[in-house]
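> Take the sequence shown: its position 133, counting from 1, is numbered 576 in our numbering, and each next residue is one higher. No residue lacks a Cβ here, since even glycine has one placed at the ideal position from N, Cα and C.
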Amino acid sequence: MAKKLPTTKNKDIVVSWIYTWSKQQEMSINEQRVLLRILEFCQTELKGIKIKDNMYQLQHGLWNVDLEMPISHAFFSDYKPVDVENTLRKLRERTFYYKDPMTEDWWACGFIEKPYVRYRKGIMAFSVDNRLWDVFMNFAKGYREFELNKALALPTGYSLRFYML
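(1) Where residue 561 and residue 543 are concerned, what is the direct C-alpha to C-alpha distance, given to the nearest angstrom?
(2) Please report how far the alpha carbon of residue 559 lies from the alpha carbon of residue 575, in whole angstroms.
(3) Going along the chain, which residues of its own chain have a beta-carbon closer than 8 angstroms to the beta-carbon of residue 526, five neighbours each way excluded?
(4) Identify, in the order they occur along the chain, each residue of the same chain with its Cβ nearer than 7 angstroms to the Cβ of residue 535, setting aside the five sequence neighbours on each side.
(5) Does residue 595 pass the burial test, meaning 16 or more other C-beta atoms within 10 Å, or should it be called exposed?
(6) Return the first residue and the last residue of the alpha helix (DSSP H) that residue 595 is part of.
(7) Taking DSSP as the reference, what is the three-state secondary structure of residue 501?
(8) Compare the beta carbon distance of residue 563 and residue 516 with 8 angstroms and say whether it is the shorter of the two.
(9) For the beta strand (DSSP E) containing residue 481, name the first residue and the last one.
(10) Among the residues of its own chain, which have a CB less than 7 angstroms from the CB of residue 603, if the five just before and after it don't count?
(11) Counting only beta-carbon atoms, is residue 524 nearer than 8 angstroms to chain D?
(12) Return helix, strand or coil for residue 579, following the three-state DSSP convention.
(13) Identify which residue in 456, 486 and 505 has its Cα closest to the Cα of residue 572.
(14) Using DSSP with H/G/I as helix, E/B as strand and the rest coil, what is residue 444?
(15) Contact defined as beta carbons within less than 8 angstroms: I believe residue 454 pairs with residue 483. What is the distance between those atoms, to the nearest angstrom?
(16) Which same chain residues, not among the five before or five after residue 533, have their C-beta less than 8 angstroms away from its C-beta?
(17) For the beta strand (DSSP E) that contains residue 556, what are its first and last residues?
(18) Let me know the secondary structure DSSP gives residue 572 once reduced to three states.
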């Protein structure tokens, strides 16, 4: 059976130059797909569109943005639970570093925090630090635009990275 992600209406996604694929550490294709979905949430919020699908949830907290989404929207249809767990674990362990050129403030945080998977419902949930969320939505230094469905359909991390450049 062919691997496939759910088909959705194609969207153009804009990525800030502050966070680009060329600067990131090497990540697996699944880690990159989860990040693409996080970026999609950012874009949806930036456009002022309320997420109506009850399979998705987005809640801003004092320190984090809590996200909940179907596992199948970031993983191929033949995913294994161990792949989901390893991907979320690796994203939690990876560190994003940022130094503000204006204030010279430096900070670091994980890409995601508090990963949680409900396999029977097919849902994964995690938190994204508010500072990282703001970096994803900061286009002051420029941006790169690409098609989300094309990026999600690419089979390897290298092909996705090349597409993002």
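Reading off the structure:
(1) 37 angstroms
(2) Near 19 angstroms, if we compare the C-alpha coordinates of residue 575 and residue 559.
(3) 473 and 518
(4) The beta carbon of residue 535 lies closer than 7 angstroms to those of 553, 555, 556 and 558 in the same chain, with the five residues before and after it left out.
(5) buried
(6) 591-596
(7) DSSP, reduced to helix, strand and coil, places residue 501 within a strand of the structure shown.
(8) no
(9) Residue 481: not part of any beta strand (DSSP E); member of the alpha helix (DSSP H) spanning 472-489, first to last residue.
(10) 472, 475, 594 and 597
(11) In the displayed structure, chain D is absent; only one protein chain is listed.
(12) Note: residue 579 maps to helix in three-state DSSP.
(13) 505
(14) Summary for residue 444: the model assigns pLDDT 47, below 50, so the residue's position carries little reliability; its value from the coordinates is reported in the next sentence. Residue 444: coil per DSSP, three-state reduction.
(15) Right, the Cβ-Cβ distance comes to about 7 angstroms (below 8 angstroms), so this counts as a contact.
(16) 470, 471 and 474
(17) 556-561
(18) Note: residue 572 maps to strand in three-state DSSP.
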